[in-house]
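Working notes for the structure below.
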Amino acid sequence: MGVGLRVSATLAMLQCIGYRARNHTANGGPMQAENKRVQTGELRAVLLSFVYFFCVLAAYYVIRPVREQLSAAVGSTQLPWFFMATFVATLLLTPLFAWMAARWPRRIVVPAVYVFFALCLLGFVPLFSGYGGLSPRALGIVFFVWVSVFNLFVVSVFWSFMADIWSNEQARRLFPLIGLGGTAGAVAGPLLTRGLVGVIGVAPLLVVSAALLGVALVCVILLGRWARVHGARRHDVGHEAAVGGGMFDGLKQILANPFMRGMALLMLLGDCIGTVGYMLMIDYSGATFHDAVERTQFAANIDTLTNVLQVAVQITVTRWLLMKKGAGAVIALWALVSVGTLVATALSPDPYALAVWIVPWVVLPLVITRSLTYGMVGPARESLYTRVPRQLRYQGKNAVDTAVWRAGDVAVASAMNGLRALGMGVPGFAAFAALAATVSGVIGWRLARAVESAAPAAAAEMPPTR
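Going by my numbering, the first residue of the sequence shown is number 1133, and it counts up by one from there.
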């Protein structure tokens, strides 16, 4: 996909934000819920949140093509080992984050996460410059695992912070808009990589990524100050204090709390769909393209197409449906579209034939489900966390977004290798993922309805979804 399309998509998003900002300024009061979602006093914080998420995802997408190229080079049969290493790393880091959140206030914990990962990025620079003594394969494996952990933590902490400074009513209005910042970053990241890698090489890209995290850190500090003065939760007791508890509380909450069990199950089912699509795409890329440049370009094209579709969905569907009908309707619509795409792939006569433009049938489910997951399910899911206690927002949510997610990667990738050995091909895997999408849609609908119909204080004690 050409540079022009990525630029056009980014400009369209920024024009959308500018239109809303101008309407806010001109009217000088609360906007009509249907068309003008930013209300008086929120504009500065919304723009900071937008820039914050832009920088977080741009920092990731700048370095992601290097990881994707490695995956295609080794083939999907080796991914369970990579996923296992990533799962072990997240299992070690999740209790550490829970310990930090239990003992230190938000103004220390959230910035500390971004400082840590920025320093790690700078630490990789000499290794990529050939001064670390690691073989290319060893460096590639270490980098794959680290990038996978990095992505989960920086995004999870972002949404924990958002759920902590915005109310549920604000989340339903503003999260789709704030989510566009991440989408813009996901579009800009590959654009930066493609434009810079031939000029400065791979190692300096890590410095670019670290600089973006530095901007995100500034946004965190400014948003924290805004929330203490203007935030909807500023009068809550301990609204930014340490959440208390122990270092393993996040993992315990998944077992003990009905809401967290439901969110963990949704994560596992969504991860099943995503991992199936990812591994099928990796196999197609490895079999079709025979050098690193072609594989990297293909991965960048798929990322760009996915992100452009995500923008379109967020602007046209999510912004209306989440505010009008709530998270349950958004999740249900995602499930219906995902099932339809996966069934069409399973029934296609030739999965490797082109389905749409440059996308073959075997890759189409990844494009559709990933774009809708981030464009629809993401804002809907994160809005539910605004209704639960802070301890769940930081400890339980982080455990779900990291350890549970990577546990799903290991389980699904290993299962796919086993099913391959039994002769299962693309149609069978697509049907398997369609079943997961169906179950996920039903559970997500019921869970969202239970949370949104309960009083905020009682949301954490609601009965389990069956």
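Heads up, the beta-carbon is just placed ideally off N, CA and C, and yes, glycines get one too.
8 Å or more divides the Cβ of Leu1453 from the Cβ of Ala1444.
Between Leu1400 and Val1536, the beta carbon gap of about 6 Å places them in contact (Cβ cut-off 8 Å).
If the five residues before and after Ala1464 are omitted, its C-beta is found closer than 8 Å to the C-beta atoms of Gly1573, Gly1576, Trp1577, all from its own chain and listed in chain order. Apart from the 5 residues on each side of it in sequence, Phe1380 sits with its Cβ closer than 8 Å to the Cβ of Pro1227, Ala1230 in its chain, given in chain order. With a threshold of 16 other beta carbon atoms within 10 Å, Lys1456 falls short and is exposed.
Taking a contact to require three or more Cβ pairs closer than 8 Å, the stretch 1496–1513 and the stretch 1360–1380 do not qualify as touching. Our two residues, Gly1255 and Phe1249, have alpha carbons roughly 10 Å apart in a direct line.
With a cut-off of 8 Å on Cβ pairs, the stretch 1549–1564 is not in contact with the stretch 1335–1349, counting fewer than three such pairs. Put simply, the backbone Cα of Ala1217 is about 43 Å away from that of Val1170. Distance from the CA atom of Ser1480 to the CA atom of Ser1341, rounded to whole angstroms, is 40 Å.
Inclusion of Val1245 and Phe1285 in the CB contact set at 8 Å is warranted, their separation being smaller than that value. Here Thr1518 is buried. Its C-beta has 16 or more other C-beta atoms within 10 Å.
Taken atom to atom, the span from the alpha-carbon of Gly1262 to that of Arg1176 is near 44 Å. In the DSSP annotation of this structure, Ala1535 is not part of any beta strand (DSSP E), being labelled neither H nor E. Rounded to the nearest angstrom, the gap between the Cα atoms of Val1440 and Gln1446 is 10 Å. Closest in C-alpha terms to Ser1515, from the list Trp1291, Leu1324, Leu1437, comes Trp1291. In the three-state scheme derived from DSSP, where H, G and I count as helix and E and B as strand, Val1495 is classed as coil. When only Cα atoms are considered, Val1277 and Ile1332 end up about 24 Å apart.
DSSP, read as helix, strand or coil, puts Val1583 in helix. Within the same chain, and ignoring the five residues on either side of Val1352 in sequence, the residues whose Cβ sits closer than 6 Å to its Cβ are Val1242, Pro1243. Just so you know, the alpha carbons of Gly1327 and Val1499 end up roughly 23 Å apart. By the Cβ rule, the stretch 1386–1395 does not count as touching the stretch 1469–1487, because fewer than three pairs are nearer than 8 Å. Within the same chain, and ignoring the five residues on either side of Thr1438 in sequence, the residues whose Cβ sits closer than 7 Å to its Cβ are Val1499, Arg1502, Ser1503. Contact between Arg1239 and Glu1372 is confirmed by a C-beta separation of about 6 Å, below the 8 Å threshold. Spanning the alpha carbons of Gly1382 and Ile1490 requires a straight line of approximately 42 Å.
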